[in-house]
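When we follow my numbering, the leftmost residue of the sequence shown carries the number 75, and every step to the right adds one.
First the structure, in the form of structure tokens, and then the observations on it.
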Amino acid sequence: MHFWTLFSIWITANYGIGWLFEVHWKDEDAGEEFFAIFILFISILIYRGINKLGRVFIRG
Numbered sequence: 075m076h077f078w079t080l081f082s083i084w085i086t087a088n089y090g091i092g093w094l095f096e097v098h099w100k101d102e103d104a105g106e107e108f109f110a111i112f113i114l115f116i117s118i119l120i121y122r123g124i125n126k127l128g129r130v131f132i133r134g
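See below:
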């Protein structure tokens, strides 16, 4: 159960970061560092994935 709690917190945090990059910071540069770009892409993918799953379940 501890794993699922940490995993859900991680997903929620990445969703928030993805939302910030996708909606609010679209024109900003994430930087040239590999780690920053990696976090950017992973966060946006999680954000879009959760939104697509939400649409599937809502329209269901």
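From the three backbone atoms N, C-alpha and C, an ideal C-beta is built for every residue, glycine too.
Predicted, not measured: the structure shown is a model, and the values here were computed from it.
Kindly indicate which residue of the options has the alpha-carbon position closest to the one of residue i.
{"i": "ILE85", "options": "PHE112, SER117 and LEU94", "result": "SER117"}
{"i": "GLY92", "options": "ARG122, HIS76 and THR79", "result": "ARG122"}
Would you report the Cα separation of residue i and residue j, rounded to the nearest angstrom?
{"i": "GLY90", "j": "ARG133", "result": "23 Å"}
{"i": "GLY128", "j": "LEU114", "result": "21 Å"}
{"i": "THR79", "j": "ASN125", "result": "21 Å"}
{"i": "PHE77", "j": "PHE131", "result": "25 Å"}
{"i": "PHE112", "j": "ILE83", "result": "19 Å"}
Would you decide whether residue i is buried or exposed? Buried here means 16 or more other CB atoms lie within 10 Å of its CB.
{"i": "ILE120", "result": "buried"}
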